[in-house]
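Visitor:
Number of protein chains: 4
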Amino acid sequence: MSGTASKVGTLLVQGPHRKGIVTSVSQVLNGHGATILDSNHYSDAPAKLFFQRLQFDVSTLATDRVTLEKEFREICENAGMSWRVWYADRAKRVAILTSKQDHCLYDLLIRHRNRELACDISMVISNHPDAGPIARHFNVPFHHLPVTTDTKARQEAAAAELIDRAGVDLIVLARYMQILSPAFVTRYPMRIINIHHSFLPAFVGGNAYRQAHEKGVKMIGATSHYVTAELDQGPIIEQSTVRCAHRDSVEDLTRKGRDLEKQVLAQAVRWHVEDRVLVYSGKTVVFD
Amino acid sequence: MSGTASKVGTLLVQGPHRKGIVTSVSQVLNGHGATILDSNHYSDAPAKLFFQRLQFDVSTLATDRVTLEKEFREICENAGMSWRVWYADRAKRVAILTSKQDHCLYDLLIRHRNRELACDISMVISNHPDAGPIARHFNVPFHHLPVTTDTKARQEAAAAELIDRAGVDLIVLARYMQILSPAFVTRYPMRIINIHHSFLPAFVGGNAYRQAHEKGVKMIGATSHYVTAELDQGPIIEQSTVRCAHRDSVEDLTRKGRDLEKQVLAQAVRWHVEDRVLVYSGKTVVFD
Amino acid sequence: MSGTASKVGTLLVQGPHRKGIVTSVSQVLNGHGATILDSNHYSDAPAKLFFQRLQFDVSTLATDRVTLEKEFREICENAGMSWRVWYADRAKRVAILTSKQDHCLYDLLIRHRNRELACDISMVISNHPDAGPIARHFNVPFHHLPVTTDTKARQEAAAAELIDRAGVDLIVLARYMQILSPAFVTRYPMRIINIHHSFLPAFVGGNAYRQAHEKGVKMIGATSHYVTAELDQGPIIEQSTVRCAHRDSVEDLTRKGRDLEKQVLAQAVRWHVEDRVLVYSGKTVVFD
Amino acid sequence: MSGTASKVGTLLVQGPHRKGIVTSVSQVLNGHGATILDSNHYSDAPAKLFFQRLQFDVSTLATDRVTLEKEFREICENAGMSWRVWYADRAKRVAILTSKQDHCLYDLLIRHRNRELACDISMVISNHPDAGPIARHFNVPFHHLPVTTDTKARQEAAAAELIDRAGVDLIVLARYMQILSPAFVTRYPMRIINIHHSFLPAFVGGNAYRQAHEKGVKMIGATSHYVTAELDQGPIIEQSTVRCAHRDSVEDLTRKGRDLEKQVLAQAVRWHVEDRVLVYSGKTVVFD
Numbered sequence: 006m007s008g009t010a011s012k013v014g015t016l017l018v019q020g021p022h023r024k025g026i027v028t029s030v031s032q033v034l035n036g037h038g039a040t041i042l043d044s045n046h047y048s049d050a051p052a053k054l055f056f057q058r059l060q061f062d063v064s065t066l067a068t069d070r071v072t073l074e075k076e077f078r079e080i081c082e083n084a085g086m087s088w089r090v091w092y093a094d095r096a097k098r099v100a101i102l103t104s105k106q107d108h109c110l111y112d113l114l115i116r117h118r119n120r121e122l123a124c125d126i127s128m129v130i131s132n133h134p135d136a137g138p139i140a141r142h143f144n145v146p147f148h149h150l151p152v153t154t155d156t157k158a159r160q161e162a163a164a165a166e167l168i169d170r171a172g173v174d175l176i177v178l179a180r181y182m183q184i185l186s187p188a189f190v191t192r193y194p195m196r197i198i199n200i201h202h203s204f205l206p207a208f209v210g211g212n213a214y215r216q217a218h219e220k221g222v223k224m225i226g227a228t229s230h231y232v233t234a235e236l237d238q239g240p241i242i243e244q245s246t247v248r249c250a251h252r253d254s255v256e257d258l259t260r261k262g263r264d265l266e267k268q269v270l271a272q273a274v275r276w277h278v279e280d281r282v283l284v285y286s287g288k289t290v291v292f293d
Numbered sequence: 006m007s008g009t010a011s012k013v014g015t016l017l018v019q020g021p022h023r024k025g026i027v028t029s030v031s032q033v034l035n036g037h038g039a040t041i042l043d044s045n046h047y048s049d050a051p052a053k054l055f056f057q058r059l060q061f062d063v064s065t066l067a068t069d070r071v072t073l074e075k076e077f078r079e080i081c082e083n084a085g086m087s088w089r090v091w092y093a094d095r096a097k098r099v100a101i102l103t104s105k106q107d108h109c110l111y112d113l114l115i116r117h118r119n120r121e122l123a124c125d126i127s128m129v130i131s132n133h134p135d136a137g138p139i140a141r142h143f144n145v146p147f148h149h150l151p152v153t154t155d156t157k158a159r160q161e162a163a164a165a166e167l168i169d170r171a172g173v174d175l176i177v178l179a180r181y182m183q184i185l186s187p188a189f190v191t192r193y194p195m196r197i198i199n200i201h202h203s204f205l206p207a208f209v210g211g212n213a214y215r216q217a218h219e220k221g222v223k224m225i226g227a228t229s230h231y232v233t234a235e236l237d238q239g240p241i242i243e244q245s246t247v248r249c250a251h252r253d254s255v256e257d258l259t260r261k262g263r264d265l266e267k268q269v270l271a272q273a274v275r276w277h278v279e280d281r282v283l284v285y286s287g288k289t290v291v292f293d
Numbered sequence: 006m007s008g009t010a011s012k013v014g015t016l017l018v019q020g021p022h023r024k025g026i027v028t029s030v031s032q033v034l035n036g037h038g039a040t041i042l043d044s045n046h047y048s049d050a051p052a053k054l055f056f057q058r059l060q061f062d063v064s065t066l067a068t069d070r071v072t073l074e075k076e077f078r079e080i081c082e083n084a085g086m087s088w089r090v091w092y093a094d095r096a097k098r099v100a101i102l103t104s105k106q107d108h109c110l111y112d113l114l115i116r117h118r119n120r121e122l123a124c125d126i127s128m129v130i131s132n133h134p135d136a137g138p139i140a141r142h143f144n145v146p147f148h149h150l151p152v153t154t155d156t157k158a159r160q161e162a163a164a165a166e167l168i169d170r171a172g173v174d175l176i177v178l179a180r181y182m183q184i185l186s187p188a189f190v191t192r193y194p195m196r197i198i199n200i201h202h203s204f205l206p207a208f209v210g211g212n213a214y215r216q217a218h219e220k221g222v223k224m225i226g227a228t229s230h231y232v233t234a235e236l237d238q239g240p241i242i243e244q245s246t247v248r249c250a251h252r253d254s255v256e257d258l259t260r261k262g263r264d265l266e267k268q269v270l271a272q273a274v275r276w277h278v279e280d281r282v283l284v285y286s287g288k289t290v291v292f293d
Numbered sequence: 006m007s008g009t010a011s012k013v014g015t016l017l018v019q020g021p022h023r024k025g026i027v028t029s030v031s032q033v034l035n036g037h038g039a040t041i042l043d044s045n046h047y048s049d050a051p052a053k054l055f056f057q058r059l060q061f062d063v064s065t066l067a068t069d070r071v072t073l074e075k076e077f078r079e080i081c082e083n084a085g086m087s088w089r090v091w092y093a094d095r096a097k098r099v100a101i102l103t104s105k106q107d108h109c110l111y112d113l114l115i116r117h118r119n120r121e122l123a124c125d126i127s128m129v130i131s132n133h134p135d136a137g138p139i140a141r142h143f144n145v146p147f148h149h150l151p152v153t154t155d156t157k158a159r160q161e162a163a164a165a166e167l168i169d170r171a172g173v174d175l176i177v178l179a180r181y182m183q184i185l186s187p188a189f190v191t192r193y194p195m196r197i198i199n200i201h202h203s204f205l206p207a208f209v210g211g212n213a214y215r216q217a218h219e220k221g222v223k224m225i226g227a228t229s230h231y232v233t234a235e236l237d238q239g240p241i242i243e244q245s246t247v248r249c250a251h252r253d254s255v256e257d258l259t260r261k262g263r264d265l266e267k268q269v270l271a272q273a274v275r276w277h278v279e280d281r282v283l284v285y286s287g288k289t290v291v292f293d
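Protein chains in written order, with this note's numbering: chain A, 6 to 293; chain B, 6 to 293; chain C, 6 to 293; chain D, 6 to 293.
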């Protein structure tokens, strides 16, 4: 990410492997005068699937974005592939949902301010008031939306309205301790990222550090994943682990785990907002 | 482990926390003229349990081992604690059981020859003949005990006879691809160590790398544990993980996993033969 | 660290190895009715040195702290050993010195608020005003002490006065970009902890990430150490590393390194305030 | 690496960044009917340099290799870029040089037999006879070439003759404890890989574990690199680290380090024989 980052376009392509697709795409860019800056492919040979991430310099474009995209559409539709393009001069908008634990919230806000995350943080939403002063410290709008079993549908509707009105691209669950309804989840497919405090698929659900302690594992982990209707089962974006020992109490595991949670969530957000993640078969391809 | 290793005694004590137990044990050793070389405690405060590993210099013993142990027994029995003592001049005897995959077998034999493992390797037993030349290369007796569903009980009996006749202290399953019968397992409680090719409790059973690949995890792991009657559920001794990515095929995961398996199994064997592992509540205390 | 943490006393002993010292110390504690909670030894055999960290329950003390310490003094002085004792009900006082980069500052303040660090943070001192709002957000007194080459001696004197008046036990350099004078350093022996942004002894001095980038290393590191008169040469307390690759620019290394710096510095501070670190021969013993 | 690995061609290109080079290369392959299987680019933007690794399916080639390479040559020479191509049906030939320590030798031979390394191992050369039985166990030709200060030139000449006569592509120094002469080194540029037992640039030269122990580092490392005329200064291919502690003696560090050395050397050899490594400015680009 240099000073010319704002002139960068990113094209993501995925679908059935077709001979010549690499050449066609690069010819289109060449024809429009757009210099290719970076390109990565991945082929899942057994599944006969192809994935590509390609970055190009928009500033050298001889035509315009609409014309360029029209050609991408033609090539990809003919090849039965899905595609999307993003320009760095339009930063993605992120909404953070959180509860009482604030380590991931602080972490994302600090990284954002240190320019580690190429996005705008549009708002912080919490079911508790505690996050308010934190959001204000970083000059981010804060919305307190308390929730009970009875008011859950209404609270989610209020959150969705805030999110949609602001044109939010990505929802980040930064230790948000509420299970989102299927209706909410399916409204934002592959646009909600959660951090789970275990090395999934081990220790699904709540109290993962307690589960780990009782099992006597020698490492704990954290997992960031897209949220799907099935709890803790969405496509995994990033995982990390750290050693622990018999001496570690549940509190020690929780403390060690916080460091993992922060890094693993921030990494997933960073990759997502930089258009590095593609999803298929319940898994992710990450062009890091 | 220096040149005086052979003069070292190791005392392991575990049981309900009793005031004064640390002092009593050190007084006994002092009284017998045995210098304390190293001492580690661990208290599981919520469970009110106490664990100690203590190393002492046998060469300065003013009395003898029998008298010393008699006093240990009295103190520990009075306190309701279990204990065991081991002297480095009596190396533990290890039997390795293996099948076709030879990376863990080689690894243990090479480490043993490089003096990383303070034990004797008494024999290699395999249900396949392939390990024979490897055992011979390292001058270790080899026993080929083929097995079918029908002959399993007899094969295990033959193995047990070889093991018992040689006074084997520890059985190491170095990618032994047979599930041992409950009868065999219960005969050697906390004396059989297995290596499982996943980060337990994730991916129990066979084909763990395939399971990991299908789930799309971003790290794979390996786990060494004592074998109990319940498959892959025994007390965990050591675990390790390594990063993987969408590019990694099942074969790549298998290759990366082999490095983990070797290290995690060897670490567990090393800790066991150095009397660093205590078991309680299905978990291990490792004084590393 | 449980709810009884405030009743814990910690004794650190180091010096020439003496037979019977373990027993003597535990007898003293026993005699005063203080239950031993945890105990760790380390012997540097070639150097004939002995180190012990022992935690005991002060609440069961039959006598008082002054009497207890008098006996410790006698035993240790007779054995030619140095010792110190600390009680958890007197939290250590910490001063943080920082400059413009705020990631370590935020990290320490957040961890402190999350009760990860068993100390008081008495003040933040900076040669830049930027840290002011951060300190205020966490309700920590802030002192802006600008510095130029000409005013350095006076600025350090002002800092020392603030530090001494508040009875500060530990000075933490959280990316403080000034080299402290030998006079200042020697005033606080083994009481100043710095974070260096490399895997020492590689890449001493400034621009460590640039040095690493130019060398083409495949991992970068961070090192926390006590500050001594010789730049970046003090006893190392903790180190950590993370993978990097040819794709990583100096900015990427800096970003990755920030995560290391935060963790490695916080770990050192945590160990220090919990009296887990002893120093000898330019190295540390860490009872973790 | 699947069953079709032998039909794979790998093209490596590096040089000044030229607009359209990606398109040109893919057009050539397309024109010859060769399906692109995988492609990776890297641009060093500040240096205006471009690197590409491209794998294609040779079995679908409509023309022949000579014609294809002729076009590669034209395109690359016009663009001022260097290039090389390799076909998987011609396995690279590797010579291993070793001394007394055998852990890296065993490791490479076992990995080779387990098909982790896509090369032939043509010979083992050692200045000690000990490696002979190991080489024989794996059916690899062994040459004992003892060396003294006086015979060094002759010994190197004998080694070079064996190496050249066998058409060796890569020389691996698997703990070869002799410093090769500049004459020998310059004869095989970027074709000699060494394993150094430290995290370079820390602890250059001999006794690296002792140096690390004296410094009191909290992690040790290993580094594989191409050998150049300047000792331990060649382009780094891979590094790894592992935690250590004050309890670790030099022997413990040596033991822990062996695991690093094995993995780091094997990784470098694997990447080299799969044509994943490019060198520029004393650094490597690794397309892993």
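We put the CB at the ideal spot given by N, CA and C, even for glycine.
First and last residue of the alpha helix (DSSP H) that includes His142/D?
Guide: From DSSP, the alpha helix (DSSP H) with His142/D extends over 136 to 142.
Visitor: Please tell me whether Ser127/D has its Cβ less than 8 Å away from any Cβ of chain A.
Guide: Answer no: the Cβ-Cβ gap between Ser127/D and chain A never drops below 8 Å.
Visitor: Whose C-beta lies closer than 8 Å to the C-beta of Ser186/A among residues of the same chain, with five residues either side of it excluded?
Guide: Around Ser186/A: Lys157, Ala158, Glu161.
Visitor: Based on the DSSP secondary-structure assignment, which residues constitute the bridge partners of Asp125/A?
Guide: Note: Asp125/A sits in a beta bridge opposite Arg98/A.
Visitor: Starting from Ile26/B, trace the alpha helix (DSSP H) in both directions and tell me its first and last residue.
Guide: 26 to 36 is the extent of the alpha helix (DSSP H) around Ile26/B.
Visitor: Let me confirm a value: Ser64/A is counted as buried when at least 16 other C-beta atoms fall within 10 Å, else exposed. Which label applies?
Guide: So Ser64/A ends up on the exposed side.
Visitor: Can you check whether the C-beta of Val290/A is within less than 8 Å of a C-beta belonging to chain B?
Guide: Interface residue, yes.
Visitor: Met224/C versus chain D: which residues are under 9 Å apart at the beta carbon?
Guide: Going along chain D in sequence order, the residues near Met224/C (Cβ under 9 Å) are Phe204, Gly226, Gln244, Ser245, Thr246.
Visitor: CA-CA distance, Ser131/D and His142/B?
Guide: Cα to Cα, Ser131/D sits roughly 19 Å from His142/B.
Visitor: Would you say Val173/C and Arg120/C are within 8 Å of each other, going by their C-beta atoms?
Guide: Not a contact, by the Cβ cut-off of 8 Å.
Visitor: Which two residues bound the contiguous beta strand (DSSP E) that contains Tyr214/C?
Guide: Premise fails: Tyr214/C lies in the alpha helix (DSSP H), 213 to 220, not in any beta strand (DSSP E).
Visitor: Which same chain residues, not among the five before or five after Val269/A, have their C-beta less than 8 Å away from its C-beta?
Guide: For Val269/A, where only same-chain residues beyond five positions count, the Cβ hits under 8 Å are Ile200, Ala227, Thr228, Ser229, Glu243, Gln244, Ser245.
Visitor: Taking 8 Å as the threshold (beta carbon to beta carbon), is Pro194/A in contact with chain B?
Guide: It does not; no Cβ of chain B falls within 8 Å.
Visitor: Residues of chain D with CB under 8 Å from Tyr214/B, in chain order?
Guide: Under the 8 Å cutoff, chain D gives no residues; its nearest Cβ is about 14 Å from Tyr214/B.
Visitor: Could you give the C-beta distance for Leu113/B and Ala179/B, rounded to a whole number, given that I count them as a contact under 8 Å?
Guide: Contact flag correct, Cβ pair sits at about 6 Å.
Visitor: For Lys220/C, go through chain D and note every residue whose CB falls closer than 7 Å to its CB, in chain order.
Guide: Those are Pro206, listed as they occur along chain D.
Visitor: Take Thr40/A as the anchor and find which of Ala165/A, Leu59/A, Ala213/A, Arg260/A has the nearest alpha-carbon.
Guide: For Thr40/A, the nearest C-alpha among the options comes from Leu59/A.
Visitor: What residue from Thr153/B, His149/B, Ile184/B has the CA that sits closest to Leu167/B's CA?
Guide: Here the closest residue by C-alpha is His149/B.
Visitor: By Cβ distance, which residues of its chain are closer than 7 Å to Gly211/B, with the 5 residues on each side in sequence left out?
Guide: So no residue of the chain qualifies.
Visitor: Cβ of Pro206/A within 8 Å of Cβ of Ala207/B?
Guide: Their beta carbons are under 8 Å apart, which means Pro206/A touches Ala207/B by this criterion.
Visitor: Val278/C to Cys124/C, Cα distance in whole Å?
Guide: So the alpha carbons of these two residues sit roughly 6 Å apart.
Visitor: Closer than 8 Å by C-beta to Tyr111/A: which residues in its own chain qualify, once you throw out the five before and the five after it? Chain order, please.
Guide: So the qualifying residues of the chain are Ile139.
Visitor: Name, going along the chain, the residues of the region 15 to 42 of chain A whose beta-carbon falls closer than 7 Å to a beta-carbon of chain D.
Guide: Answer in chain order: Lys24, Gly25, Val27, Thr28, Ser31, Gln32, Asn35, Thr40, Ile41, Leu42.
Visitor: Take the Cβ of Glu82/D as the centre, count every other Cβ of all protein chains shown within 10 Å, and call the residue buried at 16 or more, exposed below.
Guide: With fewer than 16 other Cβ atoms within 10 Å, it is exposed.
Visitor: With contact counted as at least three CB pairs below 8 Å, one residue from each stretch, are the region 10 to 19 of chain B and the region 49 to 57 of chain B in contact?
Guide: Yes, the region 10 to 19 of chain B is in contact with the region 49 to 57 of chain B.
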